[in-house]
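Colleague: Protein chains in written order, with the numbering used here: chain L, 118 to 258; chain C, 18 to 304. The C-beta atom is built at its ideal place from N, Cα and C for all residues, glycine as well. Owing to the predicted nature of the structure, the values given are computational and were not obtained by experimental measurement. Below are the structure tokens for one structure; questions will follow.
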């Protein structure tokens, strides 16, 4: 397990500053695969795909946040996530995500009509990320 | 002279109008605050993404000449005009449209118009301008999906070579009493100014700088569009607030004038009635 070192993590979206907290490590869905950031990481810019961000807090609790794609920037003094959207489990409308998932799946399955498959895939990823994060809700009181 | 009843009726009418304008004034004030705080909360994100863009471009040794940043020969341009759906906001829309028109006249190449908001659409339809796309004004909470659609459209058209330059006409928010209609260039993106010489960390990228720009730049365009829409929203509400304040004040003035007139008329009628009574009594006494 990681030691007691932490670093500042900030999650920003266009709508709001979502979160600013010290964390022990972060697991993030990169475009080229899931990666983990520990304290003291070299300066880096990652492109994220829609997915679940896992923050490991100093009290050894995990917190999950659904991000709709964006960037993770590691700077010496702090780490920033610039997300197109960011939601905590309690903010997620599960029914809506479920519907979005079905819609995206239907669109992907439909081979006849001309669809924007990149868009449908992204929509599906976002919906899955939301559902995944929403399922973590009961863990933390 | 208008009869007492007429004056009373007018006073009532003006009072009703004043009530409406006063309500609109207060609603606009509340929405202005919301729009301002929206603009405020977008700032950290916007600043950070601009910073990162600078870093990525400079770290890649300026080699990353992304299509969205490279200028090319201009054969056709697009002008995105941001107005409101609703009127009753003073000279807000007129100002933007005037600025856009100015811009139009200066161009030597064909201009395609993309309108956001009903006012711009109606105006340029009347002029038979070439409207290629029209969007309704985004809802008050300016959702990302709405912005995304607009930004995507613009980027696609630029990418396919339909437009070689894209401009954005909107009202910059200066203060509550002042907004500045302006036309700014959206695409190709201006080379981000060389950052202030604070120590920049040398970043590594995943994926590489080129691919990163592919995702970064469209998002940056989105930020620019979002910003201009939020600012335009704030300007609109500010303009409406000021216009409705003026309307309320002049309604109040009118009511004062009318009340005075009403009192005069009432006094005059009392006086004349009194005269009639007195002269009637005189006539009786003389008999």
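Please list, in chain order, all residues of the same chain as residue 55(C) whose beta carbon is under 6 Å from its beta carbon, the five residues on each side excluded.
Modeller: Contacts found: 247.
Colleague: For residue 149(C), report the span of its beta strand (DSSP E) as first-last.
Modeller: It spans 148-152 - the beta strand (DSSP E) in which residue 149(C) sits, taken as one unbroken run.
Colleague: Below 7 Å between beta carbons is the criterion; list the residues of the segment 44-78 of chain C that meet it against any residue of chain L, in chain order.
Modeller: Going along the segment 44-78 of chain C in chain order, one finds 58, 59, 61, 62, 65, 66, 69, 73 with a Cβ nearer than 7 Å to chain L.
Colleague: Compare the C-beta of residue 149(L) with all C-beta atoms of chain C and state if any pair is closer than 9 Å.
Modeller: So yes, residue 149(L) belongs to the interface.
Colleague: Exposed or buried, what is residue 92(C) when buried is set at 16 or more other beta-carbons lying within 10 Å of its beta-carbon?
Modeller: Its Cβ having fewer than 16 others within 10 Å, residue 92(C) is exposed.
Colleague: With distance defined between alpha-carbon atoms, name the residue in 126(L), 132(L), 128(L) nearest to residue 158(C).
Modeller: Closest by alpha carbon: 132(L).
Colleague: Tell whether a beta-carbon distance below 9 Å holds between residue 86(C) and residue 205(C).
Modeller: Yes, the pair counts as a contact, with Cβ atoms nearer than the cut-off.
Colleague: On a CA-only basis, which of 161(L), 181(L), 156(L), 134(L) is nearest residue 168(L)? Give me that one, please.
Modeller: Considering only alpha carbons, the answer is 181(L).
Colleague: With 8 Å as the limit, tell me which residues of the segment 163-184 of chain L have their beta carbon closer than that to any beta carbon of chain C; keep them in chain order.
Modeller: Hits within the stretch, in order: 163, 164.
Colleague: Residue 215(C) CB to nearest chain L CB: under 9 Å?
Modeller: Note on residue 215(C): pLDDT 49, under 50, position unreliable in the model; the coordinate value appears next. For residue 215(C), the answer is no, since every Cβ of chain L falls outside 9 Å of its Cβ.
Colleague: In the DSSP output, what is residue 139(L) paired with across the bridge?
Modeller: Bridge partners of residue 139(L): 125(L).
Colleague: For a minimum of 3 consecutive residues, which ranges assigned as the beta strand (DSSP E) are wholly contained in the segment 136-179 of chain L?
Modeller: With a minimum length of 3 residues, the continuous beta strand (DSSP E) runs that stay inside the segment 136-179 of chain L are 142-147, 150-154, 161-165, 168-173.
Colleague: Within its chain, find whatever has a CB closer than 7 Å to the CB of residue 45(C); leave out the 5 residues flanking it on each side and keep chain order.
Modeller: Only 254, 257, 258, 261 meet the Cβ criterion.
Colleague: In this structure, does DSSP put residue 71(C) in helix, strand or coil?
Modeller: Three-state result, residue 71(C): helix.
Colleague: Considering only C-alpha positions, which residue in the set 193(L), 198(L), 245(L) is nearest to residue 216(L)?
Modeller: Cα-wise, what sits closest to residue 216(L) is 245(L).
Colleague: Does residue 134(C) come out as helix, strand or coil in the three-state DSSP assignment?
Modeller: Reduced to three states, the DSSP call for residue 134(C) is coil.
Colleague: Which residue marks the beginning of the alpha helix (DSSP H) containing residue 273(C), and which one marks its end?
Modeller: 226-303 is the extent of the alpha helix (DSSP H) around residue 273(C).
Colleague: Between residue 163(C) and chain L, is there a C-beta pair that is closer than 9 Å?
Modeller: For residue 163(C), the answer is no, since every Cβ of chain L falls outside 9 Å of its Cβ.
Colleague: Quick one: measure Cβ to Cβ for residue 125(L) and residue 146(L), integer angstroms, because I've assumed they're closer than 8 Å.
Modeller: Wrong, their Cβ atoms sit about 21 Å apart, outside the cutoff.
Colleague: Please tell me whether residue 120(C) has its Cβ less than 9 Å away from any Cβ of chain L.
Modeller: For residue 120(C), the answer is no, since every Cβ of chain L falls outside 9 Å of its Cβ.
Colleague: Any chance you could list the beta strand (DSSP E) runs of at least 3 consecutive residues sitting entirely within the segment 190-252 of chain L, in chain order?
Modeller: 196-200, all fully within the segment 190-252 of chain L.
Colleague: Rank 23(C), 108(C), 238(C) by C-alpha distance to the C-alpha of residue 166(C) and give the top, closest one.
Modeller: Nearest option by C-alpha distance: 238(C).
Colleague: Classify residue 129(C) as helix, strand or coil using the three-state DSSP reduction.
Modeller: In the structure shown, residue 129(C) sits in a strand (DSSP, three-state: E or B).
Colleague: Note down the Cα distance separating residue 129(L) from residue 127(C), rounded to an integer number of angstroms.
Modeller: Looking at the two C-alpha atoms, the distance is approximately 40 Å.
Colleague: Using beta carbons (cut-off 9 Å, strictly below), is residue 214(L) in contact with chain C?
Modeller: With 9 Å as the cut-off, residue 214(L) does not count as an interface residue toward chain C.
Colleague: Rank 248(L), 155(L), 144(L), 163(L) by C-alpha distance to the C-alpha of residue 206(L) and give the top, closest one.
Modeller: When only C-alpha atoms are compared, the closest one is 248(L).
Colleague: For chain C, is any of its Cβ atoms less than 9 Å away from the one on residue 160(L)?
Modeller: So yes, residue 160(L) belongs to the interface.
Colleague: Give me, in chain order, the residues of the same chain whose beta-carbon lies closer than 7 Å to that of residue 185(L); leave out the 5 immediate sequence neighbours on both sides.
Modeller: So the list reads 167, 200, 201, 202, 243, once near-sequence residues are dropped.
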